[in-house]
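Working notes for the structure below.
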């Protein structure tokens, strides 16, 4: 796991659709918030093959992941599988909201199940909203 403040600046433009935060926050404020969660022991960040996976505690039994891929889709699959395995040791269930079905297909390759569509749930900095696709995986699925 790495320090959030070591995240490359190239990742910052990709924080918006994946991060469930206030759209008014700056990229640096989002990263600082992620770091505060890590410092509190309620979140972890894995970097593998130019893919960053942020796993945070949503409830005591549910973890939530956010994924940023700066490399190949194959690296993304490996990173998600690694975080899924580690996350299910700590949590009973993991969740993710992704901006499109293409990202969802990567989660499905890792054993995650499409659970529904969240209509107009992501607020973007330009004032628009977009849907997200919800995926989940439980210990029972393994």
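Numbering (the working numbering), first residue to last: -5 to 136. Cβ atoms here follow ideal geometry from the backbone N, Cα and C, with glycine treated the same way. Please read these numbers as outputs of a predicted model, since none were measured by experiment.
message = What residue range does the beta strand (DSSP E) around residue 116 cover?
response = Counting from 1 along the chain shown, the entry for residue 116 is found at position 122. First-last of the beta strand (DSSP E) with residue 116: 107 to 117.
message = According to DSSP, is residue 134 part of a helix, a strand, or is it coil?
response = Stepping through the chain shown from its first residue, residue 134 is reached at position 140. Of the three classes helix, strand and coil, the one that applies to residue 134 here is helix, per DSSP.
ask   = If you run the structure through DSSP and keep just helix, strand and coil, what is residue 85?
value = Position 91 of the chain shown, counted from the first residue, corresponds to residue 85. It is coil, neither helix nor strand.
ask   = Would residue 50 pass as a contact of residue 28 if the rule is Cβ separation under 9 angstroms?
value = Here residue 50 refers to the residue found at position 56 of the chain shown. Here residue 28 refers to the residue found at position 34 of the chain shown. Against a cut-off of 9 angstroms, the Cβ pair of residue 28 and residue 50 comes out as a contact.
task = Please classify residue 45: is it buried, with 16 or more other beta-carbons within 10 angstroms of its beta-carbon, or exposed?
result = Within the chain shown, numbered from 1, the residue matching residue 45 stands at position 51. By the 10 Å Cβ count, residue 45 comes out buried.
task = Work out the CA separation of residue 85 and residue 38 for me, nearest whole Å.
result = Here the question's residue 38 lines up with position 44 in the chain shown. Here the question's residue 85 lines up with position 91 in the chain shown. So the alpha carbons of these two residues sit roughly 13 angstroms apart.
task = Could you check if residue 113 is buried or exposed, using at least 16 other CB atoms within 10 Å of its CB as the buried criterion?
result = If you number the chain shown from 1, residue 113 lands on position 119. Counting Cβ neighbours within 10 Å, residue 113 comes out exposed, since fewer than 16 surround it.
request  = Taking 9 angstroms as the cut-off, decide whether the C-beta atoms of residue 61 and residue 25 are in contact.
outcome  = In the chain shown, counting from the first residue as 1, residue 61 sits at position 67. In the chain shown, counting from the first residue as 1, residue 25 sits at position 31. No; because the gap between Cβ atoms is not below 9 angstroms, this pair is not in contact.
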